[in-house]
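These notes concern the structure reproduced below.
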Amino acid sequence: MTLSLSLIFLLSSLSPPTDVIARDKPNDSGGAILLTWTRSSDTTVVSYRVLRQTEGKATWDTVGLAGRLANRFTDDEVQDGIRYRYQILTVSETETAESAPSEYTVCSPQWFNFDRMPAVIGTIIFTCLIVFFIGRAKRNIKLFIRRIAGLDAVEEALGRATEMGRGILYVPGLSSIDDVATIASMNILGEVAKKTAKFGTPLIVPLRDPIVYTVAREVVKESYTAAGRADAFNQDMVFYVTDQQFAFAAAVDGIMVREKPATNFFIGMFWAESLILAETGATTGAIQIAGTDAVSQLPFFITACDYTLIGEELYAASAYLSREPLLLGAIKGQDYSKLLILVLIVVSTILALTANLPVQNIF
Amino acid sequence: MKRRLPLMIVLVLGIFGAVAFVIPHPIVKSIDETMRNDVLRIITAFSLVLGVGSIIQHHLIKIRRKAEHWPFSYIALISLAVSAAIGLFGGIDPASPGILPTHIGGFSFHMQALYDNIMIPLASTMFALLAFFMASAAYRAFRARNLEATLLLIAAFILMLGAVPLGRMLIRPLPDFAEWILTVPNTAAKRGIMFGIGLGSIATSLKIILGIERGWLGGGG
Amino acid sequence: MGFWNKLLKIDRRWIYTIIWLVVMIPLLFPFKIKPMAMPPVTRLFNYIDTMPEDKALVISVDYTPDIQPELHPMCIALLHHAFATKRKVGLLTLQVMGLGLGEAAIRQVTEEFNAHATTHEDSIINGEDYVYWGWTTPIITILLGMGERITNVYPVDYYGHRTESLPIMKHLKNYDDIGIVVSIAGSSIPISWVNFANTQFGVPIGCGATAVSAADYYPYLNSGQFTGMMAGMKGAAEYEQLVADKFDELGIKWELRRKGTEAMSSQTAAHIAIMIFIIIGNIAYFVIRRRKK
Amino acid sequence: MSADPWTWIAAILTLAIFSFLYKENPFYRFAEHLFVGVANGYAITFYWHRVLVPSLINPVSHGQKLWLIAIAIIGALYFTRFIPKVSWLVRIPIAVVLGYFSGAYIPRAIDAQILQQLRATIVTRSMFANWQSGLWAVIIALGVIATITYFFFSAKRKGILKPVSRIGIIFIMVGFGASFGYTVMARISLLIGRLQFLLGDWLGLIH
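Protein chains in written order, with my numbering: chain A, 1 to 363; chain B, 1 to 221; chain C, 1 to 293; chain D, 1 to 207.
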């Protein structure tokens, strides 16, 4: 039996893979070894099996399978500090052939992920730019911000609602408080609420996120207090509806059609419900002002609303309305970052095309 | 204290969240995962109580004031209470039933049945309303008023025509052209907007961490 | 208030009514418009049509019931194509929600073929002409394991038969016996098929995608990692048309159910209606603008 | 016609929502309020069975991860909103959520939204493998530059900025038009899906 097996082995024509190298997987949290090998030259290969031996043990365990075109494998079922070595087994329909074992190797966790270096550098550069311009704004250097079309409409829309004696609906998007669009929307809501407080216009703010609900309620209350109309604040102005996207849309649709607000604001993060809200609002004859950084929903707001703040205009609007110098300073910093991006695109393209440098791999 | 403590928390956790991105070491990674999987989910679960409290209060006020259509507020309150009871006591997984029986004979009123036969049809019908709204929005707004509006209209038109067999019958290369618009000018515009959004949102996050952006505090002392 | 002015301010409920009718009528009384297949669909069809006779077609039913209107007709059309050309078929799903859909598809198509079969040869028989492996997990183990031996990945099929004992499995050992895997999905599962089965074993991969996700897949199509692709209801309708042409070529007389094509009639009618709205709206707009001048 | 009561319920609710297209009416109002109620009931169920029980109650009741009690207390601070004197404490759980997400967002967004987009936009020689893909890459790069220029807020639109930002808005409008047109198909598919349910599963008119 042993003889016949070794005979088969001797007669085996299948060539095993070579150059099996095992090393610690870099930039990870440990517990993984990366294997590479040179593929077998045989055409009958079906697959490779990865065998592992722990130092001091006699057995080889099959730890993985790789396709015939593969030349690498990550074993992520190992422990840090234990020495392992590997063999790669070539498998064909009828036979197998094993490679020479690799060197022993040990894996360990790393303290820094070098793959993410570009992001770190980018974060540092950007942070410096923003902080620098905020610093300048603090020192009262006057900053110019261009007009934003949708914003001028806010005043007009509020006036119209007051004239008609109808309310204002403000939907601060459907996302959570950690969404930047929601934060920007809260700032704009604060300004809108100051004006509704001044004119005594009814305000309706339905919410889809419970945390945003708490924040929005405080923001509106604060605005009414600041406008000296704390008495006019009614806790039922701001209310939570549900976290189900389309149930929320159904409820807001119902509110628009029943309460018929003169102006609808859709400002924040929206998904597919954007057009459901904006078209229903249009049927009621309301003036509609939208603003979102959801690129996929902008086409619908642009078609169905009277004014739309496109993407970044939303953030700029929140700074513009508040006239807070620190926020305006940040906008200046963003503009310089954009300039930097433009320069990088142009310079990298020129380098890539003329000198054939692989510049794109830097980023 | 009332402002400084929350701002400190934001600063510390913000720096941690950013730094964890580049440190793969298990000490940092396990804290990071606990943060996402346990801490934030538990805190969010508590916030839901506030939300539910708000919607109940909203409808109770309507009922008390006999506001217009107030009887419908009973529908919202009763369906909320009934479905919550079914879900809490009848279990969420049909395979592991809770203490409340969830079927009478062959008729199941398990949470899964409510989900499949109430939530899904209502949500997908709301979603399907978009087919009508797209038509009416297109009719109302797609007017060749100026260059920009005309280009918007033409691009939409080509894509719609390219998406049906008729487009290819009329003009053979039309579907390819439609695909080109989608993959070239559309990609360019989206990417350009994304750069601005990316920078703007990163700046806002930064301002929150540094305590410059305080809108979320909701004003007040 | 002239005619054009009235038209501009038309009650939107008329628009809703027209959309309602143009979508519903073709569903009730299907008329078939003959779609012309786009290159990615034609490539997929031709590849399956001309691959060696002993190679099986594997369909990965990776979609869920909510996006079924777009994707289920693709699965049916592929099965029609395979059984009409006497090709062996393996069916599996990587989404537990897809289990029932795979079963429904295979039951429908085998019933259709067997209703017209006169001999044992003509009939489509489970375990001989097709196998439904069902669902298991995890995905990576399946995608790699099928390269070595399918019966190890799926010891029993969906119906509980031991796969070792099925005649079809004698010639369906691993990826070498599979001509192409077509993954029909609304998620990114087709990319997993590319990353494991195609990159590591060289198996050709085809893809059936919703119209929305198709835009993300063009790079894979251009690089050849997808042999072909059906995108949305339109892709399904085009494949159905190619299959119908094949039926004519083979002299198969019975009529096929073509849900993709039928739905495509609704789709086309709705698109045309919306485009006509836009045109009318603009004519009215220009007529009035000229009058004002 | 279906004999399953649930199919009837689903069909009636479907029609109630569609009736909104004609006008707001009691059927829609009923479906709307039911939807809000059940959705909230589902959320309560979900957070209880899928979050609080596995992440909090199970470990703590087995004496593990007792520090989670502290987290629960932070979560409970949301309720201080109803107690005017200590209502500012509600900011603490918000600060935890907001702080962590803001920080985690920054490097990830730099990576995904800035660097990866940048890498994709740079035109390289390999893109000129055929002249078309090269030309398209150049057009995309120019379009990106023009679009970014449109979003300069702190500079007056004059000189070179004026025509370039105008090209930017042209790219934006073509892109939006394309997105709109492309989405029509998917939305009609949804309507077809609902009609297939009404006409097929419910009425049995189509199979």
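Where is the CB? At the ideal position from N, CA and C, for every residue including glycine. These figures come from a predicted structure and were not determined experimentally.
What residue ranges within the region 76-141 of chain A form continuous alpha helix (DSSP H) runs of no fewer than 4 residues, ordered along the chain? 117-138
Tell me whether A263/C counts as near the ligand FMN, meaning its Cβ is closer than 8 Å to at least one heavy atom of that ligand. In the structure shown, the ligand FMN is absent, as is every other ligand, since no ligand is present at all.
On the DSSP bridge assignment, give the partners of F73/A in chain order. Against the first sequence, residue 73/A aligns to sequence position 73. Partner(s): L35/A.
Endpoints, the beta strand (DSSP E) within which D245/C is located: To locate residue 245/C, count along the third sequence from 1; it is residue 245. Unbroken run through D245/C is the alpha helix (DSSP H), G232 to L250; no beta strand (DSSP E).
If I measure Cβ to Cβ from L199/D and keep anything under 7 Å in the same chain, skipping five residues before and after, which residues do I get? Stepping through the fourth sequence from its first residue, residue 199/D is reached at position 199. So the qualifying residues of the chain are L205 and I206.
Mind checking C107/A: buried by the 16 CB within 10 Å criterion, or exposed? Taking the first sequence and counting its residues from 1, the one referred to as residue 107/A is at position 107. Buried: at least 16 other Cβ atoms inside 10 Å.
List the whole-angstrom C-beta distance separating V52/B from I44/D, where the pair is believed to meet the contact cut-off of C-beta under 8 Å. The residue given as residue 52/B occupies position 52 in the second sequence. The residue given as residue 44/D occupies position 44 in the fourth sequence. That pair is a contact at about 7 Å.
Could you tell me which whole alpha helix (DSSP H) segments of length 4 or greater appear in the region 62-125 of chain C? Entirely contained in the region 62-125 of chain C, the alpha helix (DSSP H) runs reaching 4 residues are, in chain order, 68-84 and 99-115.
What residue does the alpha helix (DSSP H) around L21/C start on, and which one ends it? Along the third sequence, read from residue 1 onward, the residue named residue 21/C stands at position 21. Element bounds for L21/C: R12 to L28.
If the criterion is Cβ atoms closer than 9 Å, does the pair L151/B and G181/D meet it? The residue given as residue 151/B occupies position 151 in the second sequence. The residue given as residue 181/D occupies position 181 in the fourth sequence. No, these two residues do not count as a Cβ contact at 9 Å.
To the nearest angstrom, report how far apart A352/A and N361/A are at their CA atoms. In the first sequence, counting from the first residue as 1, residue 352/A sits at position 352. In the first sequence, counting from the first residue as 1, residue 361/A sits at position 361. Looking at the two C-alpha atoms, the distance is approximately 11 Å.
How about K234/C: is its C-beta nearer than 9 Å to some C-beta of chain G? As a matter of chain content, chain G is missing from the structure shown, whose protein chains are A, B, C and D.
Would you mind listing the alpha helix (DSSP H) stretches within the region 241-326 of chain A that are 4+ residues and don't spill past its ends, in chain order? 245-259, 274-283, 298-304 and 312-322
Please classify S136/B as buried or exposed, where buried requires at least 16 other C-beta atoms within 10 Å of its C-beta. Mapped onto the second sequence, residue 136/B falls at position 136. The residue is buried, with at least 16 neighbouring Cβ atoms inside 10 Å.
Which term fits E238/C, buried or exposed, when burial requires 16 or more other beta carbons within 10 angstroms of its beta carbon? Counting from one through the third sequence, the residue named residue 238/C turns up at place 238. Flag for E238/C reads buried.
Using only alpha-carbon positions, find the residue among I202/B, R214/B, L40/B and P6/B that is nearest to I125/A. Indexing the first sequence from 1 puts residue 125/A at position 125. Residue I202/B is the option with its Cα nearest to I125/A.
Looking only at its own chain, which residues have a Cβ that is under 7 Å from the Cβ of A76/B, when we skip the five neighbours before and after it? Here residue 76/B is taken as the residue at index 76 of the second sequence, counted from 1. Counting only Cβ-Cβ distances below 7 Å, and skipping sequence neighbours, we find H59.
Please classify Q113/D as buried or exposed, where buried requires at least 16 other C-beta atoms within 10 Å of its C-beta. As a working mapping, residue 113/D is identified with position 113 in the fourth sequence. By the neighbour-count rule (16 or more Cβ atoms within 10 Å), Q113/D is buried.
Is the CB-CB distance between T90/A and D42/A below 9 Å? On the first sequence, residue 90/A is found 90 positions in, with the first residue counted as 1. On the first sequence, residue 42/A is found 42 positions in, with the first residue counted as 1. Contact flag set, yes.
Terminal residues of the alpha helix (DSSP H) in which P59/D lies: Translated into positions along the fourth sequence, residue 59/D becomes position 59. Residues N58 to S61.
Which residues of the region 126-159 of chain D have a Cβ closer than 8 Å to any Cβ of chain C? Give them in chain order. none
For V252/A and T242/A, the rounded distance between their alpha carbons: In the first sequence, the residue the question calls residue 242/A occupies position 242. In the first sequence, the residue the question calls residue 252/A occupies position 252. Cα to Cα, the separation comes out at about 11 Å.
Stretch-stretch touch, CB-based, cutoff 8 Å, three pairs: the region 127-140 of chain D with the region 229-248 of chain A: no
At the 9 Å Cβ level, is G145/C part of the contact set with chain A, yes or no? By one-based count along the third sequence, residue 145/C stands at place 145. It does; some Cβ of chain A falls within 9 Å.
What does DSSP give as the partner residues of L207/A in its beta bridges? On the first sequence, residue 207/A is found 207 positions in, with the first residue counted as 1. Per DSSP, Y240/A.
Look up H103/B in the DSSP assignment and say whether it is helix, strand or coil. By one-based count along the second sequence, residue 103/B stands at place 103. Residue state, collapsed to three classes: strand.
Quick one: using the 10 Å Cβ neighbour count with 16 as the cut-off for buried, is A3/D buried or exposed? Walking along the fourth sequence from the start, residue 3/D turns up at place 3. Here A3/D is exposed. Its C-beta has fewer than 16 other C-beta atoms within 10 Å.
Report all residues from its chain with a CB closer than 8 Å to the CB of T141/C; omit the five preceding and five following residues, and keep chain order. Here residue 141/C refers to the residue found at position 141 of the third sequence. If we look at T141/C and ignore the five residues flanking it on each side, its Cβ neighbours are V153.
Positions along the region 196-207 of chain B whose CB lies within less than 7 Å of some CB in chain A: G196, I197, L199, G200, S201, I202, A203, T204, S205, L206 and K207
Is there contact here, the region 131-139 of chain A with the region 54-66 of chain A, by at least three beta-carbon pairs under 8 Å? With a cut-off of 8 Å, the region 54-66 of chain A and the region 131-139 of chain A do not count as touching, because too few Cβ pairs lie within range.
Span of the beta strand (DSSP E) around I56/B: Along the second sequence, read from residue 1 onward, the residue named residue 56/B stands at position 56. Unbroken run through I56/B is the alpha helix (DSSP H), L40 to R65; no beta strand (DSSP E).
Nearest by alpha-carbon distance to L68/D: which of Y78/D, F79/D, V53/D and T80/D is it? Taking the first residue of the fourth sequence as position 1, residue 68/D is located at position 68. Ranking the options by Cα distance to L68/D, first place goes to V53/D.
Residues of chain C with CB under 7 Å from V184/D, in chain order? Counting from 1 along the fourth sequence, the entry for residue 184/D is found at position 184. Within chain C, the residues H271 and I274 have their CB atoms less than 7 Å from the CB of V184/D, given in chain order.
Using alpha carbons as the reference points, say which of F266/A, A70/A and V359/A lies closest to G173/A. The residue labelled residue 173/A in the question sits at position 173 within the first sequence. Nearest option by C-alpha distance: F266/A.
Buried versus exposed call for F31/C [16 or more other C-beta atoms within 10 Å across all chains shown]: By one-based count along the third sequence, residue 31/C stands at place 31. Exposed is the call here.
Among L100/B, S73/B and T44/B, which one has its Cα closest to the Cα of I73/D? Counted from its first residue, the fourth sequence places residue 73/D at position 73. Put simply, of L100/B, S73/B and T44/B the residue whose alpha carbon is nearest the alpha carbon of I73/D is T44/B.
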